[in-house]
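This report refers to the structure that appears directly beneath it.
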Amino acid sequence: MNANAIATQIQPADFPRFGPPEEQLRFLLRYAILAPSSHNTQPWLWQIEEDEVTLRADERRLMPALDSQGREMIISCGAALQHLCLAIRAFGYAALVQTFPDTDQPNLLARVRLASYRPPTADDSLLFRFITERHTHRGEFEERPLPTELLDILQSEAGQEGASLYFAQTPEDRGAITKLIENSDLIQNSDAAVRRDVADWIAPQGARKDGIPASALGISDLMSHLAPLSHRLFNRGELIAEADAILADNSTVLVVLCTPEGGSQAWLAAGQALGRVLLRARAEGVWASFFNQPVEVDEMWVRLYKIAGSHHFPQLVFRLGYAQPVPGTPRRPVEEVTNIHDDPLA
């Protein structure tokens with residue numbers, strides 16, 4: 000059984016309802032670590048003390064060339080924060096959240112306290128059921144369009160976290176964003192430092208509990224051990240751009256997740272919105288995968304900003320669609336990313 004299958008084998012009945020808060024939070028973090036993260040870097044560190052857990056960005060997992068400001072790192076942590084708070088509410092507690100509680104510690108992103116009983120809402124219960132069912136789908140999607148009603152629902156979910164969604168549905172709108180993806184691929188793959196960042200997170204199937212398995216990128220098991228080295232050494236930008244363009248252009252909808260402003264607080268909110276949107280999409284049988292390249296290249300970001308509307312800051316680009324299930328990516332266990340009290344994390 001691979002690391003993803005193990006991570007998603009969570010039985011809600013095992014929740015220690017009458018156990019101490021530390022034990023309850025440790026259990027609830029099993030849902031938080033299933034959140035999406037850039038290149039499956041899983042850049043979160045948790046510390047539990049009594050009825051409180053803090054979330055820090057693990058800067059050792061920053062991709063320095065691709066994500067020099069830590070934007071995607073913080074967005075990833077925001078999605079994990081959303082999953083944790085959702086799990087807390089689903090088990091009948093309130094989650095008291097304070098974001099960026101200490102300005103002297105910029106990597107301290109949030110403090111969450113397990114509070115008194117409150118019944119979960121219907122929306123909480125629905126989204127929670129799909130935490131273990133959601134993962135990125137990098138394959139082809141069906142041509143079946145998403146209902147307008149579903150797009151409205153997803154817009155509402157994003158709005159609950161202060162974000163908004165721009166939907167590119169017409170061939171012209173999708174084509175404009177697809178062109179940005181192509182150009183970004185060419186620019187990024189001409190940069191050896193960016194290629195090195197990406198290569199560091201490509202892994203042979205089953206070899207790691209983080210990163211993207213080579214098989215998820217369409218690379219055979221036989222070639223998977225050579226994939227990281229090949230990506231480092233060779234500029235395959237034209238091939239990657241062509242493949243991405245086919246996937247993007249054949250999608251029925253491309254989505255730009257936006258926030259009203261930029262900065263760390265907005266990035267964290269973007270991650271929380273992403274968590275809600277992707278879970279609601281899965282509840283409706285819809286998969287997602289990411290095309291963040293235009294957000295990672297400054298010149299392309301400016302063009303995307305104009306497409307999405309000048310009052311919105313693009314934070315993420317992804318596609319949505321129907322497809323046959325595929326295996327998920329692996330996860331590090333809670334024990335590897337969590338401190339209890341003041342014990343140092345190795």
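If you read the sequence shown in numbering that gives the first Met the number 0, its first letter stands for residue 0, the second for the next number, and so on. The beta-carbon is built from N, C-alpha and C at its ideal position, and this holds for glycine as well.
With 16 other Cβ atoms within 10 Å as the buried cut-off, status of residue i
| i | result |
| --- | --- |
| residue 29 | buried |
| residue 193 | buried |
| residue 42 | buried |
| residue 225 | exposed |
| residue 165 | buried |
| residue 197 | buried |
| residue 58 | exposed |
| residue 301 | exposed |
| residue 262 | exposed |
| residue 245 | exposed |
| residue 67 | exposed |
| residue 23 | buried |
| residue 314 | buried |
| residue 337 | buried |
| residue 325 | exposed |
| residue 238 | exposed |
| residue 11 | exposed |
| residue 260 | exposed |
| residue 120 | exposed |
| residue 215 | buried |
| residue 376 | Outside the modelled stretch of the chain, which goes from 0 to 345, sits residue 376, for which no answer is possible. |
Rounded Cβ spacing between residue i and residue j (contact assumed at less than 8 Å)
| i | j | result |
| --- | --- | --- |
| residue 181 | residue 240 | 4 Å |
| residue 26 | residue 17 | Contact doesn't hold; Cβ gap of about 12 Å is too wide. |
| residue 35 | residue 277 | 6 Å |
| residue 176 | residue 294 | About 11 Å; that fails the 8 Å criterion. |
| residue 160 | residue 272 | 4 Å |
| residue 242 | residue 173 | About 16 Å separates the two Cβ atoms, so there is no contact after all. |
| residue 162 | residue 256 | 6 Å |
Beta-carbon contacts of residue i that lie in its chain and below 6 Å, excluding the five residues immediately before and after
| i | result |
| --- | --- |
| residue 370 | Residue coverage of the chain in this structure runs from 0 to 345, which leaves residue 370 outside it and unanswerable. |
| residue 252 | 145, 166, 168 and 319 |
| residue 343 | At residue 343 the pLDDT is 44, less than 50, meaning the model places this residue with poor confidence; the figure from the coordinates comes in the next sentence. Excluding residues within five positions, none has a Cβ falling inside 6 Å. |
| residue 74 | 266, 269 and 270 |
| residue 183 | 292, 293, 296 and 299 |
| residue 53 | 46 and 110 |
| residue 60 | 40 and 42 |
| residue 7 | 131 |
| residue 171 | none |
| residue 345 | Any reading at residue 345 is ruled out, since the residue's pLDDT is 38, under 50, leaving its predicted position unreliable. |
Same chain, Cβ closer than 7 Å to residue i, neighbours up to 5 away in sequence not counted
| i | result |
| --- | --- |
| residue 280 | 153, 287 and 319 |
| residue 96 | 84, 109 and 111 |
| residue 179 | 293, 299, 302 and 303 |
| residue 116 | 91 and 92 |
| residue 20 | 49, 50 and 113 |
| residue 70 | 266 |
| residue 274 | 34, 78, 81 and 82 |
| residue 339 | 21 and 47 |
Spatial neighbours of residue i in its chain, beta-carbon cut-off 8 Å, leaving aside the 5 residues before and after
| i | result |
| --- | --- |
| residue 234 | 188, 189 and 194 |
| residue 249 | 139, 140 and 142 |
| residue 228 | 198 |
| residue 128 | 282 |
| residue 123 | 85, 88 and 89 |
| residue 63 | 192 and 196 |
| residue 94 | 83, 84, 87, 88, 111, 112, 113 and 114 |
| residue 130 | 30, 33, 82, 85, 86 and 278 |
| residue 200 | 38, 39, 40, 62, 209, 210 and 211 |
| residue 102 | none |
| residue 369 | Outside the shown range of the chain, which is 0 to 345, sits residue 369, and nothing can be said about it. |
| residue 312 | 257, 258, 259, 260, 261, 265 and 304 |
Could you pull out every unbroken alpha helix (DSSP H) segment of at least 4 residues lying fully inside the segment 285 to 310, listed in chain order? 292 to 295 and 297 to 307
Three or more C-beta pairs closer than 8 Å, one from the segment 32 to 41 and one from the segment 205 to 217: is that the case here? Contact holds: three or more Cβ-Cβ distances are below 8 Å.
Taking contact to mean 3 or more Cβ pairs, one atom from each stretch, closer than 8 Å, check whether the segment 151 to 160 and the segment 296 to 310 are in contact. no
Counting Cβ pairs closer than 8 Å, one from the segment 262 to 282 and one from the segment 94 to 112, do we hit at least three? yes
Pick out the complete beta strand (DSSP E) segments inside the segment 140 to 210, 3 residues or longer, and give them in chain order. If we require 3 residues or more, the beta strand (DSSP E) runs fully inside the segment 140 to 210 come out as 163 to 167.
Any chance you could list the alpha helix (DSSP H) runs of at least 4 consecutive residues sitting entirely within the segment 236 to 266, in chain order? Qualifying alpha helix (DSSP H) stretches, in chain order: 236 to 248.
Three CB pairs or more closer than 8 Å across the segment 282 to 289 and the segment 129 to 141: With a cut-off of 8 Å, the segment 129 to 141 and the segment 282 to 289 count as touching, because enough Cβ pairs lie within range.
Below 8 Å, can you find three or more Cβ-Cβ pairs linking the segment 322 to 331 to the segment 142 to 149? no
In the segment 70 to 109, which residue ranges form an unbroken alpha helix (DSSP H) of at least 4 residues, counting only runs that do not cross its ends? 70 to 89
Quick one: complete beta strand (DSSP E) runs, 3+ long, within the segment 15 to 70? Counting only runs of 3 or more, we get 43 to 48 and 51 to 56.
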